[in-house]
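Heads up: the structure comes next, in C-alpha cells.
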Amino acid sequence: MNDRTGLVYREGFFDTPGGWAALKDILESVFGIDLNPLDRLGGPDPSSLPSAYFDPAGRCVANFTAFSLPLMVDRRVVKAAGLMPAGPGRLSPMAEV
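Remember, my numbering sits 299 above the position in the sequence shown when you count from 1.
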C-alpha cells in the first residue's frame, strides 16, 4: 500500500532478500544490532510478524515486529511476546500475553 509521502507499507517480508536486508540495516542503525550472525543460524524467527514502511529506494524507515518470546519466571513458563519497534528514537518494550 502506498501513501502520499511515497512510503510503502509492507507486512511479512522476511522471506524477501531485500526486505530482510532493509530490516537488518535499520536495526543496525537504530540499536547497533548486527543480525548477520542470525543469518548463519537460519535467519529470522518464523514466529516473527514484521510490518514496516519502506521508502522509494527500498530502505526500511520504520518497523514494528512482534515475536514469540517464551520466558521462565519463578520456575513457570510464561507465554510472552517481544515487540520491537525501530525508527528514530524508538525503544524495544516487551509485553506478556
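Beta carbons are placed, not taken as given, at the ideal position from N, Cα and C, and that holds for glycine.
Is it right to say Leu340 is buried, meaning 16 or more other beta carbons lie within 10 angstroms of its own, or is it exposed? Looking up residue 340 in the sequence shown gives position 41. With fewer than 16 other Cβ atoms within 10 Å, it is exposed.
Leu370: buried (16+ other C-beta within 10 angstroms of its C-beta) or exposed? Here residue 370 is taken as the residue at index 71 of the sequence shown, counted from 1. Exposed.
Beta strand (DSSP E) segment containing Arg416, residue limits: A question about residue 416 goes unanswered here, because the residues of the chain that appear run from 300 up to 396.
Return the chain-ordered list of same chain residues with a C-beta closer than 6 Å to the C-beta of Pro355, the five sequence neighbours on each side being excluded. If you number the sequence shown from 1, residue 355 lands on position 56. Excluding residues within five positions, the ones whose Cβ falls inside 6 Å are Gly305.
Is the beta carbon of Ser367 closer than 8 Å to that of Ala385? The residue labelled residue 385 in the question sits at position 86 within the sequence shown. The residue labelled residue 367 in the question sits at position 68 within the sequence shown. No; because the gap between Cβ atoms is not below 8 Å, this pair is not in contact.
Three-way DSSP call (helix, strand, coil) for Arg375 in this model: One-based indexing of the sequence shown puts residue 375 at position 76. Arg375: strand per DSSP, three-state reduction.
Is DSSP giving Leu382 helix, strand or coil here? One-based indexing of the sequence shown puts residue 382 at position 83. Three-state result, Leu382: strand.
Sequence-distant residues of the same chain with beta carbon closer than 8 Å to Met393, five excluded per side: Residue mapping note: residue 393 aligns to position 94 of the sequence shown, counting from 1. Confidence at Met393 is low in this model, with a pLDDT of 38, below 50, so the placement of that residue should be treated as unreliable; the coordinate-derived value is given next. Within the same chain, Met393 has close Cβ partners Leu368, Ala379, Ala380, Gly381, Leu382.
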